[in-house]
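> According to the UniProt record's numbering, the stretch in the sequence shown is residues 1 to 52, in order.
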Amino acid sequence: MQPGQLRQALEKKRRFYINHLIAAGVYKKSDSHLYECTLTDLEKEYQQLSNY
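(1) Could you please give me the residues that DSSP links to LYS29 through a beta bridge?
(2) With respect to the alpha helix (DSSP H) encompassing THR40, which residues constitute its N-terminal and C-terminal limits?
(3) What is the C-beta distance between LEU42 and ILE22, in whole angstroms, given that I count them as a contact (C-beta under 8 Å)?
(4) Would you tell me roughly how many angstroms separate the C-alpha atoms of GLU11 and SER50, rounded to the nearest one?
(5) Compute the distance between the beta-carbons of LYS13 and LEU39, then report whether it is under 9 Å.
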């Protein structure tokens, strides 16, 4: 694995979740904007959205 490749993969995954949550009308989680959330928080929010 190249240096920085893991970071790029994680950032790509964060963007995926943020884009899908915004498309579903979610702009904030609690009082935080999505871009301030951790990957884990974004995954949980996306999972909750997918369960509906």
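Virtual Cβ for every residue (Gly too), placed ideally from N, Cα, C.
On the basis of the coordinates in this document:
(1) In the sequence shown, counting from the first residue as 1, residue 29 sits at position 29. Answer by DSSP bridge pairing, in chain order: SER32.
(2) Within the sequence shown, residue 40 is the residue found at index 40, counting from 1. Taken as a continuous stretch (DSSP letters only), the alpha helix (DSSP H) holding THR40 covers 39-50.
(3) Within the sequence shown, numbered from 1, the residue matching residue 42 stands at position 42. Within the sequence shown, numbered from 1, the residue matching residue 22 stands at position 22. Approximately 11 Å separates the beta-carbon atoms of LEU42 and ILE22; this is outside 8 Å, ruling out the contact.
(4) Translated into positions along the sequence shown, residue 11 becomes position 11. Translated into positions along the sequence shown, residue 50 becomes position 50. About 21 Å.
(5) Locating residue 13 in the sequence shown gives position 13, where the first residue counts as 1. Locating residue 39 in the sequence shown gives position 39, where the first residue counts as 1. Yes. Within cutoff.
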